[in-house]
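Have a look at the structure below, then the notes.
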Amino acid sequence: MGEKIRPQFYLYIPPNMPFSLPQLAASRQQNNMKTSLFFLYLLSLSYFNVVQVFGTGRSEGKENPFTAKASLIRYWNSHISNNLPKPPFLISKASPLNAIDLAKLTQLANHNCLSSHIESFCSLANLFCSFQEDSSKLDAVGKGKGDANFAVYSSKNFKGYGSLTRGGIDSFKNYSDGLNTPNESFKKYSRGSNAHSEDFTSYAKDANVAIDNFTNYGSSATGGSGGFNNYQDRVNVPNLRFTSYDSDGNKHKLSFSSYSSETNSGSEAFTNYGKKGKAVPAEFRSYSSNANTIGSSFAGYGVLGNSANDSFKAYGDSGNNPRNNFKIYGLASKLGIDSFTSYRDSANVGADSFQSYARDANSGKANFVNYGKTFNVGNSTFKEYGKGSTGSTTIGFKMYDLARSFLDYAKKGVTFAGYTNSSSKETSVNRWVEPGKFFRESVLKQGNVIVMPDIRDKMPRRSFLPRGILSKLPFSTSHLSELRNIFGASMEGMLENALTECERPASRGETKRCVGSVEDMIDFATSVLGHSVKVRTTENVKGSKQEIMIGEVKGINGGEVTKSVSCHQSLYPYLLYYCHSVPKVRVYEAEILDVTSKTKINHGVAICHLDTSAWSPTHGAFLALGSSPGQIEVCHWIFENDMTWTIVD
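Residue numbers 1 to 649, in UniProt numbering, belong to the letters of the sequence shown in order.
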C-alpha cells in the first residue's frame, strides 16, 4: 500500500507578529493539539490565510476551507443525503466573504458594531444598501446662485440645496432615468426659499428599486412651486419618503402629475405633509394610476393648515389593490378644501383608511366624487371622520362605493349624493395580470404555443449572509429601529415591507419561513421534504415576454401529486427568500422552443397548485383565468433566481 497522504498547512506570518516561525514549529513538536487550537485562534484574529496542500503538488485552486462558501459546501454535504451535483445557481449566491473579511465582520457583528462599518460591510458582503453622501461639495451650489439645470443626472445627495434661495428655477430632467437602483436624497431642499421653483420631469423613470428621500422639502418656503411630472413612472418597487414636506410653507404650490404611474409594489409616505402650511395648494393628478399594489401613507397631512387646497384627481385610478392611509389628515385645519375626483376609480380591491380625517376642522370642505367605483369590492374606513368640526364644514360623497365604514363621522354638513349601494360589476379585462403569468395544467403539452411572461429577475443583485453574521442581526418589526440604525433610515420602508410579509400568518395548509442563508434554506426544505432533495429553477430568461412553443414535458416524481418548497426573493439589504410549502402540487420540467425555428432556447420549471380553495377570490390567477377559489388548478413558471425544492425522483 502507498503512503497515506497527509494534509499540510503553509502559513504566512506577517513581520510584525510577536513570535517567529521556529518558535511555532517548536511549539507544534511539543504539543500538536495546543498548536492547532492556537492556529485557529490566530485565524479568528485574521492574521493569516490558510492554503491546504496535498502531497507534493500545490493546489492553488482549492477553496479556502475557512470562507463562507466552503462552510456552505460542508453543510450541504452533511445535510443532503444524495450525491447529485450541487446547483451552481444556488451556490453562486453564497456569501463572497473570504476568511479574513468573514472573521472581521463576524467580530463586528458579535459586538454590535456593524453600523459603524456599514459601507465596508455592504461592499464586502455584496449587499444592497443606501448611503447618504457628503454634501459639502454641494453647499456652495444653489444658495443664491440662480437657476440650476440637472439633465440626465443620477443618484446624488442634494442636502440643503436651494436653501434660502431667492427666485430661480431648478430643473431635473431625465433624472436617474433607467437606472437600476437610483438613490437620491433631497434633505432640506429649497428650505426657506422665496419664490423658488423646482421642476422634476421624467424623474427616475423606468428605474428598478428607486429610493428617494425628501426630508423637510420646501419647509418654510414662500411662494414658488414644486412640480413632479412623470415622477417614478414604470418603476419596480419604488420607495418614496416625503417627511415634513412643505411644512410651514406659504403659498408654495405642489403638483404631482403622473406620479408613480404604472409602478409595481411600491410605497410612498407623506409625513407631516403641508403641516401648518398657509394657502398651500397640492395637486395629485393621475397619482399611482395603473399601479400594482401601491401603498401610500399621508400621516399628519395638512395638520393645522390654513386655507389649503388639495386635489386628488384620478388618484390610484385603475390600480391593482392600492392601499392608502390618511391619518390625522387635515386635523384642525382652517378653510381647507380637499377634493377627491375619480379617486381609486375602477381599482381592483384596495383599502383606504381615513383616520381622524378633517377632525376639528373649521369651515372646511371635502368632496368625494366617483370615489372607489371599483369593479371588485374594496374596503374603506372613515374613523372619527369630520368629528368635532365647526363652522360650515361640508363633506360630500357622490357615487361612493360599497364596503365602507363610517365611525364617528360628523352629523352636520355631510351629504351623500348618489351614494351607490353596490359596486360596479364590470368584467375585468385582465389588465392587472401580465399575459402568461398564470395558466392551466393542460397548457403544458408538447407543441402548444403560449405567451411566456417576463421572468427576468428585477431585484438588485445581492448575496446571502453567513450564518455567523446573520444570527447577530435582528429580524422582526419589533426591532425595526435597530435595523434602521444599521442600514439607514432611507431603507426603513423596504425593511418593514419584507418583515411584515415574513411575519404574516401562514395561510391554510401553508408552511413558511424567511431565510437569509443557504443553510437556513436547506434546513427548511429538508424539514418538509426529508434529506434526499433536489432544487430546480428555470435555466435562463430566454422567451420572456414573447410566444414560445412547449417542447418535451417531464413530470417530477412521475407527475404524481407531491410536496414542494418554493422560494421567492424579497427586497432586503441581503439576499432574503420567502420559502413556503403548500400541499397538493405537481412540478414539471419543460423544454422551451423558439416558435419559428423549433430549436431549444430554455429549460423551464413550472409548478401547478391543485388546491386553490384557500386563495383569495381577488388573486391575480382568478382575474387572469376567470374562475374562483377551489374551482381550478393554477400553474406558473419558476422565475429567474426563484426556485423550487422537491424529493429526488
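Glycine residues also receive a C-beta, built at the ideal position from the N, C-alpha and C atoms.
For residue i, the three-state DSSP class (helix, strand or coil)
i	result
A614	coil
I80	coil
K443	One point to set straight first is that residue 443 is Val, not Lys, in the sequence displayed. The answer is helix: DSSP assigns V443 an H, G or I state.
H636	strand
D642	coil
E547	strand
D523	helix
V541	coil
P629	coil
C502	helix
D139	The pLDDT assigned to D139 is 44, lower than 50, so where the model puts this residue is not dependable; a value taken from the coordinates is nonetheless given after this. In the structure shown, D139 sits in coil (DSSP, three-state: anything other than H, G, I, E or B).
F475	coil
V518	helix
E496	helix
F464	coil
S71	helix
A621	helix
T106	helix
D101	helix
S597	coil
E426	Here the model assigns E426 a pLDDT of 37, short of 50, so the residue's position is not dependable and the matter cannot be decided.
N64	coil
N112	coil
Candidates the options, of which the one nearest residue i by Cα
i	options	result
L90	M452, F464, H609, E482	F464
E119	I486, V433, I100	I486
K458	G436, H79, N641	N641
I455	G530, S517, Q546, T646	Q546
F475	E492, V587, V565	E492
D352	S296, D310, S339	S296
residue 669	K445, P629, F524, V533	With the chain covering 1 to 649 only, the question about residue 669 has no answer from this structure.
K69	L576, G468, A621	G468
D199	P460, F228, C514	F228
G555	V582, D649, N213	D649
S517	G488, S471, V528	S471
L102	H79, S130, N82, N64	N64
G626	F438, V515, V587	F438
V553	G447, A614, K512, R462	G447
P466	A99, L84, P88	A99
residue 650	T612, P85, L124	For residue 650 there is no data in the structure shown, the boundaries of the chain being 1 and 649.
L254	T271, E268, F284	F284
T562	T646, T596, A606, S616	T646
E434	L623, L105, S92	L623
6 Å CB neighbourhood of residue i in its chain, flanking five on each side removed
i	result
G604	T538, A590, I592, W637
L643	Note on residue identity: the sequence assigns Met, not Leu, to residue 643. Cβ neighbours of M643 beyond the five flanking positions: V535, T537, C567.
Y75	E519
N602	E539, N540, K542, G543, I592
F639	I455
H580	E510, K512
R58	Note on R58: pLDDT 34, under 50, position unreliable in the model; no value is reported.
C122	C129
E268	L240, S296
Residue range of the beta strand (DSSP E) that includes residue i
i	result
H580	576 to 593
S566	562 to 570
S197	197 to 201
M459	No beta strand (DSSP E) contains M459, which DSSP labels as neither H nor E.
R467	First-last for R467: 467 to 470, but that is the alpha helix (DSSP H), not the beta strand (DSSP E).
I91	Counting along the chain, I91 falls outside any beta strand (DSSP E), though it belongs to the alpha helix (DSSP H) covering 88 to 91.
N448	Premise fails: N448 is in no beta strand (DSSP E) and is neither H nor E.
A606	600 to 609
F438	Where F438 is concerned, there is no enclosing beta strand (DSSP E), given that its DSSP letter is neither H nor E.
F228	225 to 229
V535	533 to 536
First through last residue of the alpha helix (DSSP H) which encompasses residue i
i	result
C122	118 to 125
S481	480 to 487
CB contact check: residue i to chain B, cutoff 8 Å
i	result
N64	The chain inventory of the structure shown lacks chain B, comprising one protein chain alone.
Own chain, CB closer than 7 Å to residue i, minus 5 neighbours either side, in chain order
i	result
H117	L108
L483	P474, L495
H609	V582, V585, E633, V634
S115	N485, I486
N126	P96, R462, S463
H79	I522, T526, H531
G551	Q446, A590, E591, I592, L593, K600
T427	Unreliable positioning characterises T427 in this predicted model, as indicated by a pLDDT of 40, which lies under 50. The coordinate reading is nonetheless provided below. Cβ within range, chain order: n/a, list empty.
Residue i CB to nearest heavy atom of the ligand FAD below 7 Å
i	result
S78	The ligand FAD is not part of this structure, which contains no ligands at all.
Close Cβ partners of residue i (< 8 Å) along its chain, the five nearest in sequence each way excluded
i	result
L480	E492, L495, E496, L499
P18	At P18 the pLDDT is 39, less than 50, meaning the model places this residue with poor confidence; the figure from the coordinates comes in the next sentence. Answer for P18: no residue qualifies.
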